[in-house]
Amino acid sequence: MQPTDLVKMLNSIVNGFDVLTEKYELEKIKTIGDAYFLVGGLHNSQSDHPERVLKFAIDAFGVIHQYNKNKVVETEDINIRYVLIGDGNIINQIHSYRVGINTGSVVAGVIGSKKFAYDLWGDAINVASRMESTGVAGTIQISRSTYERVFDLGYEFEEREVDAKGKGIVKTYLMNPKHLMSVNYSHILTTQQSLQDVMKSQQSMFALSTIREKDE
1 MQPTDLVKML NSIVNGFDVL TEKYELEKIK TIGDAYFLVG GLHNSQSDHP
51 ERVLKFAIDA FGVIHQYNKN KVVETEDINI RYVLIGDGNI INQIHSYRVG
101 INTGSVVAGV IGSKKFAYDL WGDAINVASR MESTGVAGTI QISRSTYERV
151 FDLGYEFEER EVDAKGKGIV KTYLMNPKHL MSVNYSHILT TQQSLQDVMK
201 SQQSMFALST IREKDE
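Under this note's numbering, the residues of the sequence shown are numbered 1 to 216, in order.
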């Protein structure tokens, strides 16, 4: 895959994710290579941010499913079907897509005097990253702190232990992939948006649901 094709693919996926951040009132912080970093609960007092981040992650699989579907339709006439997965291999569809979610306290702000960039810091960020990096392709892995906030939503999770860099052995929870197999992207769009407008690209991502630091 040529670099320009890779950028187009990632742009399509990111555009779809951006629609979801608005739908669930979350905040996109940045993209990091092929990763998408977002946060919930940073600028409002709503306590359901872990639920909204999880629902974003579930719907994000719908974006991937729709991209795969469009790519097959787009290329089947010339009998070429390809797309890049996380390790750089070329296969028929996007498969290597992981999501990691953590809930915790962070510090947010802008530092430096050039090329200003709003960013987040804190151990909760590192844990979110570990949830993604130790996750399983095709599903969502959440931390214990997130699980305690979403366990009663009706989703099935498998408890397991992973060796997280810098954290040691920690308990995590993998969502049953059955909750992600039939996610339909069409219901995500607003009335005035068409799929073509939004999907103008599989990538690994991590999401973070936070609890704001309280002022002393």
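Think of the CB as a built atom: it goes at the ideal place given N, C-alpha and C, for glycine as much as any other residue.
(1) Per DSSP, residue 30 forms a beta bridge with which residues?
(2) Are the C-beta atoms of residue 59 and some chain D residue less than 8 Å apart?
(3) So what does residue 172 bridge to, in DSSP terms?
(4) Can you look up residue 123 in the DSSP assignment and give me helix, strand or coil?
(5) Which partner residues of residue 110 appear in the DSSP bridge assignment?
(6) Over the uninterrupted alpha helix (DSSP H) stretch that includes residue 151, give me the two end residues.
(7) In three-state DSSP terms, what is residue 133?
(8) If you draw a straight line from the alpha carbon of residue 16 to that of residue 63, how long is it in whole angstroms?
(9) Between the alpha carbons of residue 35 and residue 146, how many angstroms are there, rounded?
On the basis of the supplied data:
(1) Taking the first residue of the sequence shown as 1, we reach residue 30 at position 30. Residue 30 pairs with 37.
(2) Reference to chain D is not applicable here, since this structure consists of a single protein chain.
(3) Residue mapping note: residue 172 aligns to position 172 of the sequence shown, counting from 1. Note: residue 172 sits in a beta bridge opposite 143, 160.
(4) Here residue 123 refers to the residue found at position 123 of the sequence shown. The answer is helix: DSSP assigns residue 123 an H, G or I state.
(5) On the sequence shown, residue 110 is found 110 positions in, with the first residue counted as 1. DSSP lists 118 as partners of residue 110.
(6) Here residue 151 refers to the residue found at position 151 of the sequence shown. That residue, residue 151, is in no alpha helix (DSSP H); it is neither H nor E in DSSP.
(7) Your numbering for residue 133 matches position 133 in the sequence shown. It is helical.
(8) As a first step, residue 16 is located in the sequence shown; it is residue number 16 there, counting from the start. As a first step, residue 63 is located in the sequence shown; it is residue number 63 there, counting from the start. Distance between the alpha carbons of residue 16 and residue 63: 6 Å.
(9) Locating residue 35 in the sequence shown gives position 35, where the first residue counts as 1. Locating residue 146 in the sequence shown gives position 146, where the first residue counts as 1. About 20 Å.
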